[in-house]
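Peer 1:
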Amino acid sequence: MIKLFVSDMDGTLLNENHVISERNAEAIRQLEAAGIEFMIATGRTLMSATPLLKEHGLKSHMINLNGAAIYDTQGRLEYSIPMEPSTVAEIMSYCAVNGLGYTLMTDQHTFVIDVEEFIEDMKKFMPVREQEDGQELSSQAQFAGIQEDIRPLDEFDFNHNHTILKMMVFSPQDPSKFDAFHQVFDKFDDIDITSSAVDNREITHTNAQKGIAVESYAQQKGYTMDQVATIGDSLNDRSMLKMAKYSYAMDNASPEVKAMAKFIAPSNREDGVALVIEQILSEQAQS
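In this note's numbering, the protein residues as written are -17 to 269.
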């Protein structure tokens, strides 16, 4: 019997408009009403992810930054696994020399090279809804929170307790640059490199992975991995898909991700998370 249901956000729980649909939100409420705990596992920061849930009155324990941090339902940090400062410095230096963009993420802030450019890029992923008075409103009420989260890179200082939990490296104009990047950094045994899109790489400590974080949380709660369901769509979801007895890859996932899962869910455009939850609840009600 499933006791913990863990969902990725982008490309999974979030639809093509980057929001949680009402059907998905209602399915989560029904899941919790049935006594099954719901949990988020995302590459997003806490400040970026939380408002998406709040928009529907939802709360969740949350695995953030691909497993580098776990927060309770009140947003309090329960545990974190930072990257080695020397490794972060080496990646920063490589990116500067080879024309790759990057961001640094702590449990408090995201440090970026160009704040204005970063915010404009974020807006592209924020669909606009129209209010009753005809004024346009970002569908993600968290935008103010995201702006508060962002800091210019020149404010970052290793000597001021800025522990890096995750790095994002970008090459939107030429993703082939990652071939050389991997030749250098795949040899590092203290980092895990994954991706949520062809033009990025997400880097955390080797022990900061969604699967490891899910297993750690499950053990803390007294669940076995046979009582855990996971659902996702990207390469950064592979570890948690491999470890859970009930694992679902979205139909919009790549073949590589689908190969890691035991089941295939409908796409995020079709409220795949809700459909899986509804199926689970129906089957457990009959057992």
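Heads up, the beta-carbon is just placed ideally off N, CA and C, and yes, glycines get one too.
So, helix, strand or coil for Ala241, using DSSP?
Peer 2: coil
Peer 1: Taking its Cβ as the centre, do 16 or more other Cβ atoms sit within 10 Å of Gln261, making it buried, or is it exposed?
Peer 2: exposed
Peer 1: Can you tell me whether Met150 is buried or exposed, with buried defined as 16 or more other CB within 10 angstroms of its CB?
Peer 2: buried
Peer 1: Which one or two residues does DSSP pair with Val94 in a beta bridge?
Peer 2: Answer by DSSP bridge pairing, in chain order: Thr85, Pro134.
Peer 1: Quick check on Glu99: buried or exposed, where buried means 16 or more other Cβ atoms within 10 Å of its Cβ?
Peer 2: Exposure of Glu99 is indicated by the presence of fewer than 16 other C-beta atoms within 10 angstroms of its C-beta.
Peer 1: Does the count of Cβ pairs from the stretch 58 to 66 and the stretch 0 to 11 closer than 8 Å reach three?
Peer 2: no
Peer 1: Would you be able to state if there are at least three C-beta pairs under 8 Å between the stretch 212 to 227 and the stretch 191 to 199?
Peer 2: yes
Peer 1: Return the chain-ordered ranges of every alpha helix (DSSP H) run that is complete within the stretch -1 to 66 and spans a minimum of 4 residues.
Peer 2: 4 to 15, 28 to 36
Peer 1: Which complete alpha helix (DSSP H) runs does the stretch 165 to 226 hold, if anything under 4 residues is left out?
Peer 2: Segments of the alpha helix (DSSP H) lying fully in the stretch 165 to 226: 192 to 203, 220 to 225.
Peer 1: Is the number of C-beta pairs between the stretch 165 to 185 and the stretch 199 to 209 that are closer than 8 Å three or more?
Peer 2: no
Peer 1: For the beta strand (DSSP E) holding Leu(-14), just list the boundary residues, first then last.
Peer 2: -14 to -11
Peer 1: Which residues bound the alpha helix (DSSP H) around Asn264?
Peer 2: According to the sequence provided, residue 264 is Ser. The question's Asn does not apply to it. First-last of the alpha helix (DSSP H) with Ser264: 254 to 268.
Peer 1: I'd like to check one pair, Glu252 with Asp172: are the Cβ atoms closer than 8 Å?
Peer 2: no
Peer 1: Can Phe(-13) and Ile18 be called in contact, C-beta distance under 8 Å?
Peer 2: With contacts defined by Cβ atoms closer than 8 Å, Phe(-13) and Ile18 form a contacting pair.
Peer 1: Buried or exposed for Lys148, please, with buried defined as at least 16 other CB atoms from any protein chain shown within 10 angstroms of its CB.
Peer 2: buried
Peer 1: Thr24: buried (16+ other C-beta within 10 angstroms of its C-beta) or exposed?
Peer 2: buried
Peer 1: Taking only three categories from DSSP, how would you classify Arg111?
Peer 2: Because Arg111 sits at a pLDDT of 46, beneath the cut-off of 50, its placement in the model cannot be relied upon, and the following sentence gives the value as read from the coordinates. Strand at Arg111.
Peer 1: Could you tell me how far apart the beta carbons of Ser215 and Met232 are, in whole angstroms, since I believe they sit closer than 8 Å?
Peer 2: The amino acid occupying residue 215 in the given sequence is Asp; Ser does not appear at that position. Yes, Asp215 and Met232 are in contact; Cβ-Cβ is about 4 Å, under 8 Å.
Peer 1: Check whether the stretch 41 to 49 touches the stretch 176 to 188, taking contact to mean three or more Cβ pairs, one atom from each stretch, closer than 8 Å.
Peer 2: yes
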